[in-house]
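Going by this note's numbering, 995 is the number at position 197 of the sequence shown; the sequence numbering is gapless.
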Amino acid sequence: MSRPRVRLVVTADDFGYCPRRDEGIVEAFLAGAVTSVSLLVNGAATESAAELARRHSIPTGLHANLSEGRPVGPARRGASSLLGPEGFFLGKMGFREAVAAGDVDLPQVREELEAQLSCFRELMGRAPTHVDGHQHVHVLPGVCQVFAEALQAYGVRFTRLPLERGVGGCTWLEAPARAFACAVERDARAAVGPFSRHGLRWTDAFVGLSTCGRHMSAHRVSGALARVLEGTLAGHTLTAELMAHPGYPSVPPTGGCGEGPDAFSCSWERLHELRVLTAPTLRTRLAQDGVQLCALDDLDSKRPGEEVPREATLEPFLEPSLL
């Protein structure tokens, strides 16, 4: 049976988090298993990561961070709704709770995003190829509007829409992980409007919430892509992004964004992702499924007459969550 053709961007998040993580990410890129990276400009190894990206010509975007470590903008000089009493961001869930309670000053979010965009330009000598969000903060209500405005002002066109079709039915995910993934999916669905109004683009489909860490395997990556492409006409070409977190485990106290590396970064799960991504099994499976790996920049080189993916091409995937 003929399948839809897929151009897949494989993005390694958290570049600059720690040298050991970065070593694994570069290894995956040189092996052809990763096609793009997202750089944390407040990471412990930001400068060395930027040098690696330049040396190896790695397509690099900004991993906008509002939830972990220290800020790079005006907030670092005084009190801010983005920070706790120790001067660090509020954390993955703490930031979400503060946004939901209306305790986050959105102009301060804009200032921090602009500071991180400027920092990226200073490090890399150019604008980012894309901007996504560390721990998916960029799709949170209110934040997504400010995020879209900042990217439009800086001329950044590509972002990530972490809307993975069917993630609520992925029973292998532990209950907290599945609940978080479904919350991210709901936020991403609501962010389509602000992102589209400000001219942002994203891939037709996204996978990675169901294949993170220990849950990644060639079978699950292939299955996730098949799930999000259900109903697509044979012979049609779609774009997709696979979010990944490969790398060698961090060894405290080295790493992190000012507070040391977290438990996930120190675990074997990052190494597991690296091994899955670089093993022949996954690449063979993707080739059999008609999947071609590409860089995000390559999506602009689609055939004449084809539109770069944005809201209109997402319509087949904007279906109710399985929860």
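Note that CB positions come from ideal geometry on N, CA and C, so glycine has one too.
Here M1041 is bridged, per DSSP, to T809.
By the Cβ-count criterion, H1034 is exposed, with fewer than 16 other Cβ atoms from all chains shown falling within 10 Å of its own Cβ.
Bridge partners of R803 according to DSSP: T1035.
In the DSSP secondary-structure assignment, D930 is bridged to H861. Per the coordinates, the alpha-carbon of L806 lies some 15 Å from the alpha-carbon of R1018.
The shortest C-alpha to C-alpha distance from R919 to any of G892, Q906, Y952 is the one to Y952.
When DSSP states are grouped into helix, strand and coil, S1065 belongs to the coil group. For Q943, no pairing in a beta bridge is given by DSSP. In the DSSP annotation of this structure, the continuous segment of the alpha helix (DSSP H) that includes L915 starts and ends at 904-922. The secondary-structure analysis by DSSP pairs A1003 across a beta bridge with A1038.
As computed with DSSP, Q1090 is found in a beta bridge with R805.
Under the three-state reduction of DSSP output, S855 falls in the coil class, being neither helix nor strand. By DSSP's assignment, T957 forms a beta bridge with V929. A check of alpha carbon separations from M1014 across R999, T1001, M1041 identifies M1041 as the nearest. If the five residues before and after E1057 are omitted, its C-beta is found closer than 7 Å to the C-beta atoms of G867, F886, all from its own chain and listed in chain order. Looking at the DSSP output, S994 shares a beta bridge with no other residue. Sequence-distant Cβ neighbours of T1076 in its own chain, meaning closer than 6 Å and more than five residues away, are A826, A829, A831. F827 carries a helical assignment under DSSP once its states are collapsed to helix, strand and coil.
With contacts defined as CB atoms closer than 9 Å, G1045 and G841 fail to qualify as a contacting pair.
For the pair of segments examined, the region 926-942 was found to touch the region 846-863: the number of CB pairs separated by less than 8 Å reaches three. Non-local C-beta neighbours of V929 in its own chain, meaning closer than 7 Å and more than five positions away in sequence, comprise G859, L860, A862, L949, V954, T957, ordered along the chain. Linking D903 to C917 through their CA atoms gives a straight-line distance of about 21 Å.
If you check the CB distance, A1038 and D1002 come in under 9 Å.
Taking C-beta atoms as the reference points, D1087 and A1024 count as a pair closer than 9 Å.
Only buried fits S1048, as 16 or more other CB atoms lie within 10 angstroms of its CB. Excluding sequence positions up to five before and after L1080, its CB lies within less than 7 Å of the CB of A1016, V1019, V1074, all in the same chain and listed in chain order. Note on geometry: alpha-carbon atoms of G882 and D901 lie some 12 Å from one another. Going by DSSP, L1023 is part of the alpha helix (DSSP H) stretching over 1016-1026.
With fewer than 16 other Cβ atoms from the protein chains shown falling within 10 Å of its own Cβ, W1066 counts as exposed. Note on geometry: alpha-carbon atoms of L998 and F945 lie some 10 Å from one another.
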